[in-house]
Amino acid sequence: MLPERRGHRPVPAGAHRRAAHCHRSGQAQRPCHHGADHRAVSTSNSPTARRIGRHVAEFASFARLRFTLIEVLVAIAVLALALGATLTLSGQAKFNIATLESEWSLQHALEQATEFYLLTPDPTVASLPDGLIPRKLHASCEIYVDLEGLPDYAQEASNGWILGTYRIVITDESGRSVEHIVNKLIFEEDPE
């Protein structure tokens, strides 16, 4: 196909002969016997009409494309790999979200239990109030006095107070546990 020149539209084969026949017979001003109005042909040479014609030709050439079986199989394989990778990433993200949510739940329950045990006069025998932590979690508190590594003046009780260590543990149904160790002054008569 020849390249389009500016201002000219490709003319279908045989159109020159029909136009020449019509001009010879003096019928150029009115439609000729084959139904073509030659004035319309010459005035429809606008850029929009050419663009539309070009797009129609491109679409027709795409419609005629044929793919071999191997090309179709390769395209399906690439699509399947992309879909598999997407599903894997999605599944991994859901698993990570569930794990992080579970860890956050344990840490939140640990903070709630720690506040309760630090404010309770006798935390070793106190039970957590209902609704403070979920029922599927178990909380425990141990109090001991660990004086190793402390200076001499800190190892003796001062006015009945001594440095105690609270070990608070939260355990879930699957056996996972988190703990919090807090140092607090306790009265000497408190159970150890």
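The sequence shown begins at 487 in the numbering used here and counts up by one.
The C-beta atom is built at its ideal place from N, Cα and C for all residues, glycine as well.
Residue i in three-state terms, based on DSSP
i, result
"N669", "strand"
"S663", "strand"
"S576", "helix"
"I583", "helix"
"T657", "strand"
"L551", "coil"
"G599", "Sequence inspection shows Ala at residue 599; the Gly mentioned does not correspond to that position. Looking at A599 - three-state DSSP - the assignment turns out to be helix."
"A568", "helix"
Spatial neighbours of residue i in its chain, beta-carbon cut-off 6 angstroms, leaving aside the 5 residues before and after
i, result
"E659", "K622"
Residue from the options whose Cα sits closest to the Cα of residue i
i, options, result
"E628", "G539, I656, V542", "I656"
"Q598", "E587, T572, L614", "L614"
"P609", "S626, L567, L573", "S626"
"W590", "I619, D638, E674", "I619"
"V664", "L671, I672, R653", "R653"
"A640", "K670, V611, R662", "K670"
"H624", "L596, L633, V631", "L596"
"G691", "E674, R662, D632", "Nothing can be reported for residue 691: it is not among the residues displayed for the chain, which extend from 487 to 678."
"T651", "R552, F553, L575, V631", "V631"
Residue(s) in a DSSP beta bridge with residue i
i, result
"Y652", "I629, V668"
"W647", "S644, F673"
"H624", "T657"
Same chain, Cβ closer than 7 angstroms to residue i, five either side skipped, listed in chain order
i, result
"F602", "L614, L618"
"T600", "I654, H666, V668"
Cβ shell of residue i (< 8 angstroms), same chain only, five flanking positions each side left out
i, result
"L636", "L649"
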